[in-house]
Amino acid sequence: MILNNISERIIEIKGVTKKFGDIEAVNNVTLSIKKGEFVTLLGPSGCGKTTLLRMIAGFDAPTSGTITFNDMDLKDIPPHLRSVNTVFQRYALFPHLNVYNNIAFGLKLKKIPKTVTQKDGTTAEKLVKYTSEEINKKVKGALKLVELSGYEHRDVNSLSGGQQQRVAIARAIVNEPLVLLLDEPLGALDLKMRKEMQLELKEMHKKLGITFIYVTHDQEEALTMSDTIVVMKNGIIQQTGTGLEIYNEPLNAFVANFIGESNILNGKITGEDEISFDEKVFECKTSSFRVGQSVDVVIRPEDIVIKKVDQEKISSGRYFEGTVVSSVFKGTYYEMGVKSNNGCEYLVQSTSHFDAEEKAMLRIESGLIHLMKKERFNNKFVTTLKNNENVTIYDVNVPCDITKLSGITKNADGYFVDEKQESVDLSGKDVIASIENKDIILRDHDAEGQFSGEIVSILFKGDHYYVEVKTDYNQFFYVETNDIWDDGDRVGIELPAEKIKLKFPEIEDL
Ligand code: ATP
10 MILNNISERI
20 IEIKGVTKKF
30 GDIEAVNNVT
40 LSIKKGEFVT
50 LLGPSGCGKT
60 TLLRMIAGFD
70 APTSGTITFN
80 DMDLKDIPPH
90 LRSVNTVFQR
100 YALFPHLNVY
110 NNIAFGLKLK
120 KIPKTVTQKD
130 GTTAEKLVKY
140 TSEEINKKVK
150 GALKLVELSG
160 YEHRDVNSLS
170 GGQQQRVAIA
180 RAIVNEPLVL
190 LLDEPLGALD
200 LKMRKEMQLE
210 LKEMHKKLGI
220 TFIYVTHDQE
230 EALTMSDTIV
240 VMKNGIIQQT
250 GTGLEIYNEP
260 LNAFVANFIG
270 ESNILNGKIT
280 GEDEISFDEK
290 VFECKTSSFR
300 VGQSVDVVIR
310 PEDIVIKKVD
320 QEKISSGRYF
330 EGTVVSSVFK
340 GTYYEMGVKS
350 NNGCEYLVQS
360 TSHFDAEEKA
370 MLRIESGLIH
380 LMKKERFNNK
390 FVTTLKNNEN
400 VTIYDVNVPC
410 DITKLSGITK
420 NADGYFVDEK
430 QESVDLSGKD
440 VIASIENKDI
450 ILRDHDAEGQ
460 FSGEIVSILF
470 KGDHYYVEVK
480 TDYNQFFYVE
490 TNDIWDDGDR
500 VGIELPAEKI
510 KLKFPEIEDL
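Just so we're aligned, residue 10 is where the sequence shown starts under this note's numbering, counting upward by one.
Put into structure tokens, the structure is as follows:
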């Protein structure tokens, strides 16, 4: 195969989308992967990591977009002809073969081009199998790399989970792929073994010098091992960068929350280099934002200074007061929840210890306040009225109040009338329906409300939660609530009629 041209970029993914029926598992992903890079696809369950990996391996084909390998389109290249091998979470070893034969299995089947001398003395290029000496050498080399020399004859069932995973890795690298794909390979191991294997994998990556594409939902694992982290959510890349870049300069609240712990609060730009949150004004660089804009404010817990209350310092405005609501020793620091007098709760990590219920004062340096563009996520639907009582939202007829439309009122006889007092029938009329995140009600029982679905992400925002709910038909609602939900909770979603805003579309809305 011509899969080994010289190119700095080994894999180019361009505008790749993968749909499974209505589900958009991967949505318009564009990504370049360099030779020898350790890239990690990181994100919560269901964000499309595995689907992206499977498309690189050739087990799934993109619905649209292209993937090239050393500048060659992979579209018609079957998995076994791609210079790529995959290690899965479940090791999928052959239970009836010993360690040696598990690793040698693929090599025994493989045919490689070789120049052979024919009987008449001429040479010819032929596809031949590896000799048993060649196989032996390769298997021994792979075993050495995964530190299992001497295990050749062991029954794979007699090995520990970690050892089995090493055999699975040896089986993948013995084929000398240019790219190794690893799909949560350490997921089945216990914490201690996982930590050890993380370091070993990094070491192997260095020794082999090939490209690793690693899938995990564990941010710590991603930070420990990767050159580049690709953070994904709902099939979309949220940010690509080094661990440090993603930690220090997250592009949105989701990334900030997913990588490390963060305080994420609603804020508003109140002036040049001035931001207000928690009902207080702070100095901070507001360069790319305009006055009046709503933003997400991100503050790392280790960046908040906590001290004993000193009224003079509080009066000077540099500190603000709060009450410690929780305090846990984490080995090298204390992690404390501190509620400000305005009711906003901050997560604080410090070597200074405060007990729960103790008063304290906090300071946040202006340089450590990160501002992020708020994601679009509001609930706005360009749709039609089913009739005078219902608006269609995601194909469901939801009760609404059409007197919210300009010019429409209800007369004394209970008829909807326009400005000329003529009765109206708005069935099929185009409207824009919207509802504020805080006005959507989530119910414990998924049969209550107009929609049913599942909580797919939760963000604590100091004094409330921002949650994303995915309906059973893969549509999204964005909700701000004081109730505590867990990822995966089933909920009923109710849009109260009186909270649904309606307007006739104007040119700029369409
Ligand atoms: P996990 O860590 O749980 O494996 P992931 O980030 O790897 O999650 P994917 O397995 O890529 O996510 O799945 C992305 C979305 O596509 C999910 O909603 C999943 O249910 C859906 N999906 C994946 N494979 C299929 C399939 N073969 N048929 C239908 N839907 C699928």
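Ideal Cβ positions, reconstructed from N, Cα and C, are used throughout, including at glycine.
- request: Please confirm whether any heavy atom of the ligand ATP lies closer than 7 Å to the CB of histidine 473.
  value: As a first step, residue 473 is located in the sequence shown; it is residue number 464 there, counting from the start. Every heavy atom of the ligand ATP is 7 Å or more from the Cβ of histidine 473, so no.
- request: Can you tell me which of the three DSSP states serine 349 falls into?
  value: For the purposes of this step, residue 349 is taken as the residue at position 340 of the sequence shown. Reduced to three states, the DSSP call for serine 349 is strand.
- prompt: Around the ligand ATP, which residues pass a check of Cβ closer than 6 Å to any of its heavy atoms?
  reply: Here the residues come out as Phe29, Ile32, Ala34, Gly52, Ser54, Gly55, Cys56, Gly57, Lys58, Thr59, Thr60, His226.
- request: Using beta-carbon positions only, say whether lysine 563 and methionine 202 come within less than 8 Å of one another.
  value: Residue 563 lies beyond the range of the chain shown here (10 to 519); nothing can be said about it.
Span of the beta strand (DSSP E) around histidine 379: As a first step, residue 379 must be located in the sequence shown, where it is residue number 370. Bounds of the beta strand (DSSP E) holding histidine 379 are 379-382.
query: I think valine 426 touches leucine 451, with their Cβ atoms under 8 Å apart; what is that distance to the nearest whole Å?
result: Numbered from its first residue, the sequence shown carries residue 426 at position 417. Numbered from its first residue, the sequence shown carries residue 451 at position 442. For a cut-off of 8 Å, the C-beta gap from valine 426 to leucine 451 is around 36 Å, too long to register as a contact.
task: State the Cα-Cα distance for the pair phenylalanine 460 and valine 400, rounded to the nearest angstrom.
output: Here residue 460 refers to the residue found at position 451 of the sequence shown. Here residue 400 refers to the residue found at position 391 of the sequence shown. Counting only the Cα atoms, valine 400 lies some 14 Å from phenylalanine 460.
query: The beta strand (DSSP E) spanning serine 41 covers which residue range?
result: Counting from 1 along the sequence shown, the entry for residue 41 is found at position 32. Per DSSP, serine 41 is one residue of the beta strand (DSSP E) stretching across 32-43.
query: How big is the Cα-Cα spacing for leucine 50 and threonine 490?
result: Position 41 of the sequence shown, counted from the first residue, corresponds to residue 50. Position 481 of the sequence shown, counted from the first residue, corresponds to residue 490. Cα to Cα, the separation comes out at about 30 Å.
message: Could you give the first and the last residue of the continuous beta strand (DSSP E) run that contains lysine 216?
response: Taking the first residue of the sequence shown as position 1, residue 216 is located at position 207. Per DSSP, lysine 216 lies in no beta strand (DSSP E); the unbroken alpha helix (DSSP H) holding it starts and ends at 200-217.
query: Does the distance from the CB of threonine 235 to the CB of glycine 250 come in under 8 Å?
result: One-based indexing of the sequence shown puts residue 235 at position 226. One-based indexing of the sequence shown puts residue 250 at position 241. With the sequence shown as reference, residue 235 is identified as serine, and threonine is not the correct amino acid for it. Pairing serine 235 with glycine 250 gives a Cβ-Cβ distance that is not under 8 Å.
field: glutamate 507 classed as buried or exposed, judged by whether at least 16 other C-beta atoms fall within 10 angstroms
entry: Translated into the one-based positions of the sequence shown, residue 507 becomes position 498. Per the 10 Å Cβ criterion, exposed.
query: Does the beta-carbon of isoleucine 222 have 16 or more other beta-carbons within 10 angstroms, so that it is buried, or is it exposed?
result: In the sequence shown, the residue the question calls residue 222 occupies position 213. Its Cβ being crowded by 16 or more others within 10 Å, isoleucine 222 is buried.
- prompt: Are leucine 83 and arginine 91 closer than 8 Å when you measure CB to CB?
  reply: Sequence index remark: in the sequence shown, residue 83 carries index 74 (1-based). Sequence index remark: in the sequence shown, residue 91 carries index 82 (1-based). Result yes, Cβ atoms of leucine 83 and arginine 91 sit closer than 8 Å.
field: Sequence-distant residues of the same chain with beta carbon closer than 6 Å to asparagine 13, five excluded per side
entry: Working through the sequence shown from its first residue, we reach residue 13 at position 4. For asparagine 13, the predicted model reports a pLDDT of 43, less than 50, meaning its position is unreliable; a value from the coordinates is still stated below. None.
query: With a Cβ-Cβ cutoff of 8 Å, do alanine 181 and asparagine 110 count as a contact?
result: Mapped onto the sequence shown, residue 181 falls at position 172. Mapped onto the sequence shown, residue 110 falls at position 101. The answer is no: Cβ separation not under 8 Å.
message: Just to confirm the assignment, what range does the beta strand (DSSP E) spanning lysine 58 have?
response: Residue 58 sits at position 49 when you count from the first residue of the sequence shown. For lysine 58, no beta strand (DSSP E) encloses it; the enclosing alpha helix (DSSP H) starts and ends at 58-66.
task: Kindly confirm or deny that the stretch 405-417 and the stretch 297-313 touch, where touching means at least three C-beta pairs closer than 8 Å.
output: The stretch 405-417 is not in contact with the stretch 297-313.
Secondary structure, alpha helix (DSSP H): runs of 4+ residues fully inside the stretch 129-167: DSSP runs (the alpha helix (DSSP H)) wholly in the stretch 129-167: 141-154.
message: Which residue wins for smallest C-alpha separation from asparagine 350, given the options Leu187, Gly115, Asp199, Glu330?
response: Mapped onto the sequence shown, residue 350 falls at position 341. When only C-alpha atoms are compared, the closest one is Glu330.
Methionine 81 - partner residues in DSSP beta bridges: Here residue 81 corresponds to residue number 72 of the sequence shown, with the count starting at 1. Beta-bridge pairing links methionine 81 to Phe78.
query: Unbroken alpha helix (DSSP H) runs of length 4 or more, entirely within the stretch 302-350: which are they?
result: The qualifying runs are 320-324.
- request: Output the boundary residues of the alpha helix (DSSP H) element that contains asparagine 272.
  value: Position 263 of the sequence shown, counted from the start, is the residue given in the question as residue 272. Element bounds for asparagine 272: not the alpha helix (DSSP H) but the beta strand (DSSP E), 272-280.
Segment limits, alpha helix (DSSP H) that includes threonine 233: For this step, residue 233 is matched to residue 224 along the sequence shown. Taken as a continuous stretch (DSSP letters only), the alpha helix (DSSP H) holding threonine 233 covers 228-234.
task: Within 10 angstroms of the Cβ of histidine 5, are there 16 or more other Cβ atoms? Answer buried if so, exposed if not.
output: The chain is shown only over 10 to 519; residue 5 falls outside these bounds and no answer can be derived.
message: Does phenylalanine 486 pass the burial test, meaning 16 or more other C-beta atoms within 10 Å, or should it be called exposed?
response: Against the sequence shown, residue 486 aligns to sequence position 477. With 16 or more other Cβ atoms within 10 Å, it is buried.
- prompt: For leucine 65, which residues of its own chain have a beta-carbon under 7 Å away from its beta-carbon, when the five flanking residues on both sides are left out?
  reply: By one-based count along the sequence shown, residue 65 stands at place 56. According to the sequence as given, residue 65 is isoleucine; it is not leucine. So the qualifying residues of the chain are Ile20, Ile76, Val93, Leu190, Ile222.
task: Would you kindly work out how many angstroms separate the C-alpha atoms of tyrosine 424 and alanine 456, rounded to a whole number?
output: As a first step, residue 424 must be located in the sequence shown, where it is residue number 415. As a first step, residue 456 must be located in the sequence shown, where it is residue number 447. Answer to the nearest angstrom: the Cα atoms are 32 Å apart.
- prompt: Can the beta-carbon of alanine 113 be found less than 8 Å from the beta-carbon of valine 148?
  reply: Position 104 of the sequence shown, counted from the start, is the residue given in the question as residue 113. Position 139 of the sequence shown, counted from the start, is the residue given in the question as residue 148. Against a cut-off of 8 Å, the Cβ pair of valine 148 and alanine 113 comes out as a contact.
task: Return the residue from the list Thr233, Glu254, Leu260 that minimises the CA-CA distance to isoleucine 246.
output: Against the sequence shown, residue 246 aligns to sequence position 237. Of the candidates Thr233, Glu254, Leu260, the one whose C-alpha sits nearest the C-alpha of isoleucine 246 is Leu260.
task: Please report how far the alpha carbon of glutamate 254 lies from the alpha carbon of proline 87, in whole angstroms.
output: Numbered from 1 along the sequence shown, position 245 holds the residue referred to as residue 254. Numbered from 1 along the sequence shown, position 78 holds the residue referred to as residue 87. When rounded, the distance between both Cα atoms is 36 Å.
- prompt: What is the DSSP secondary structure of alanine 442, reduced to helix, strand or coil?
  reply: Residue mapping note: residue 442 aligns to position 433 of the sequence shown, counting from 1. It is a strand residue.
task: Helix, strand or coil for asparagine 396, going by three-state DSSP, please let me know.
output: Counting from 1 along the sequence shown, the entry for residue 396 is found at position 387. Coil, per DSSP.
Inter-residue CB distance, phenylalanine 291 and isoleucine 278 (contact presumed, cutoff 8 Å): Position 282 of the sequence shown, counted from the first residue, corresponds to residue 291. Position 269 of the sequence shown, counted from the first residue, corresponds to residue 278. Actually they are not in contact, since the Cβ atoms of phenylalanine 291 and isoleucine 278 sit about 11 Å apart, beyond 8 Å.
- prompt: Would you report the Cα separation of proline 514 and isoleucine 444, rounded to the nearest angstrom?
  reply: The count along the sequence shown starts at 1 and reaches residue 514 at position 505. The count along the sequence shown starts at 1 and reaches residue 444 at position 435. Cα atoms of proline 514 and isoleucine 444: separation of roughly 16 Å, rounded to the nearest angstrom.
- request: Take the Cβ of lysine 128 as the centre, count every other Cβ of all protein chains shown within 10 Å, and call the residue buried at 16 or more, exposed below.
  value: Walking along the sequence shown from the start, residue 128 turns up at place 119. Counting Cβ neighbours within 10 Å, lysine 128 comes out exposed, since fewer than 16 surround it.
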